[in-house]
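In the numbering used here, the protein residues as written are 1 to 119.
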């Protein structure tokens, strides 16, 4: 599936902001938003910060889906900052699946597979 370059801009109130540029497919991003999985970022903004929450549409911006730009980002590893797909989840359950050691990206991919299997 074709990847695109996204930017995350997440306001965490007086504690600060989280930002990152990462690669993901459009279906992955759509499922991340629609599933309302709470991403657990941990103490990324300092000791006792405990940042977690669902990613909303307003938190993400599609920078480009140009295949040449995506290949450049991949080749030179130009992603940086926070990638919500690389973190764990909290307050989310999937029937018959132990999510303890799964990243949000792995959970999203499993949800997309289940969706395709049910169609």
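Every residue gets a Cβ at the ideal spot worked out from N, C-alpha and C, and that includes glycine.
Segment limits, alpha helix (DSSP H) that includes residue i
i           : result
residue 34  : 26-35
residue 115 : 104-118
Contact under 9 Å by Cβ, residue i with residue j
i           : j           : result
residue 27  : residue 112 : yes
residue 170 : residue 20  : Absent from the model: residue 170. The displayed extent of the chain is 1 to 119, so no value can be given.
residue 73  : residue 32  : no
residue 50  : residue 56  : no
residue 82  : residue 37  : no
residue 6   : residue 29  : yes
residue 3   : residue 70  : yes
residue 53  : residue 85  : no
Burial state of residue i, where buried means 16 or more other Cβ atoms lie within 10 Å
i           : result
residue 18  : buried
residue 47  : exposed
residue 130 : Here the chain comprises residues numbered 1 to 119, so residue 130 is not present and cannot be evaluated.
residue 97  : exposed
residue 76  : exposed
residue 10  : buried
residue 89  : buried
N-terminal and C-terminal residue of the beta strand (DSSP E) that residue i is part of
i          : result
residue 10 : 3-11
Review point. Along the chain, which unbroken stretches of the beta strand (DSSP E) at least 3 residues long are found entirely within the region 18-94?
Key: 38-42, 51-54, 60-64 and 88-90
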